[in-house]
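S.K.: Here it is, the structure in full.
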Amino acid sequence: MKLVRLATRADLLPVVSRWVVEAFAEPGTPVDARVDALREMFSESAYPFSLVAIDDDGTPLGCVHGVESELDDRPELQPFIAALYVELPWRGRSVGSQLLAAAERECAAAGFSEAYLCAWNDPRWYERRGWQVIAARVGDRGVPLMRKALAPAK
Ligand SMILES: CC(C)(COP(=O)(O)OP(=O)(O)OC[C@H]1O[C@@H](n2cnc3c(N)ncnc32)[C@H](O)[C@@H]1OP(=O)(O)O)[C@@H](O)C(=O)NCCC(=O)NCCS
Numbered sequence: 018m019k020l021v022r023l024a025t026r027a028d029l030l031p032v033v034s035r036w037v038v039e040a041f042a043e044p045g046t047p048v049d050a051r052v053d054a055l056r057e058m059f060s061e062s063a064y065p066f067s068l069v070a071i072d073d074d075g076t077p078l079g080c081v082h083g084v085e086s087e088l089d090d091r092p093e094l095q096p097f098i099a100a101l102y103v104e105l106p107w108r109g110r111s112v113g114s115q116l117l118a119a120a121e122r123e124c125a126a127a128g129f130s131e132a133y134l135c136a137w138n139d140p141r142w143y144e145r146r147g148w149q150v151i152a153a154r155v156g157d158r159g160v161p162l163m164r165k166a167l168a169p170a171k
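Position one of the sequence shown corresponds to residue 18 (our numbering), numbered consecutively onward.
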């Protein structure tokens with residue numbers, strides 16, 4: 018498995034858009050519109066970023082984004098690690114853990130000493146990876162807000 022930056026792989030925009038829409042968007046959100054949004058959101062700059070995990074044969078396995086605050090009422094909280102997603106057949110093989118760890122490293126390399134995320138899945142998954150719940154319910158969906166102090170970039 019290796020990680021590539023979405024900004025350098027336009028061919029992966031459709032699959033990443035599908036994942037993000039299926040897993041996180043309101044039902045009925047058009048995938049095509051998300052392709053354009055992702056292309057605009059992620060340039061080749063270090064941050065914000067989107068990383069895609071691909072298998073040795075080029076099969077896309079999952080993705081993660083590093084973005085500015087996901088919370089309209091807390092714009093000072095950044096970076097946010099968002100859209101962590103692994104295709105169903107590949108789950109449970111540590112792809113998600115590797116994507117999360119890579120996103121943390123990218124945030125540290127961009128100069129941040131801590132990162133945030135909204136836990137759409139079980140927050141204990143993140144707690145096992147060093148994250149802490151700092152608010153029980155935030156945003157429209159009322160999900161836990163989590164924070165992690167990042168190891169300094171090497
Ligand atoms: C959350 C998610 C990214 C994790 O990806 P993953 O590649 O399965 O992650 P890992 O393999 O690193 O860890 C999976 C955990 O479940 C366990 N597991 C075992 N078999 C599994 C399976 N078939 N499917 C899922 N998890 C499994 C693993 O042992 C591991 O447990 P641990 O936390 O005690 O280490 C993935 O489940 C997903 O895409 N979910 C839907 C989208 C989502 O909720 N994203 C989070 C947004 S905040």
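Think of the CB as a built atom: it goes at the ideal place given N, C-alpha and C, for glycine as much as any other residue.
Could you check whether the Cβ of residue 109 sits closer than 7 Å to any heavy atom belonging to ligand 1?
M.R.: Yes - ligand 1 has a heavy atom lying nearer than 7 Å to the Cβ of residue 109.
S.K.: Give the secondary structure of residue 66 by DSSP, where H, G and I count as helix, E and B as strand, and everything else as coil.
M.R.: Correct three-state label for residue 66: strand.
S.K.: Could you give the residue range of the alpha helix (DSSP H) that holds residue 79?
M.R.: Here residue 79 belongs to no alpha helix (DSSP H); instead the beta strand (DSSP E) covers 77–84.
S.K.: Does the beta-carbon distance from residue 34 to residue 48 come in below 8 Å?
M.R.: Yes, Cβ-Cβ distance for residue 34 and residue 48 is below 8 Å.
S.K.: Using alpha carbons as the reference points, say which of 95, 118, 38 and 62 lies closest to residue 70.
M.R.: The option with the nearest alpha carbon to residue 70 is 118.
S.K.: Taking just the CA atoms, how far does residue 100 sit from residue 111?
M.R.: Taking the straight line joining both Cα atoms gives about 16 Å.
S.K.: If you follow the alpha helix (DSSP H) that residue 31 is part of, which residue opens it and which one closes it?
M.R.: Start and end: 30–41.
S.K.: At a cut-off of 7 Å, is residue 142 close to ligand 1 when judged by its beta-carbon and the heavy atoms of the ligand?
M.R.: Checking every heavy atom of ligand 1 against the Cβ of residue 142, one is found closer than 7 Å.
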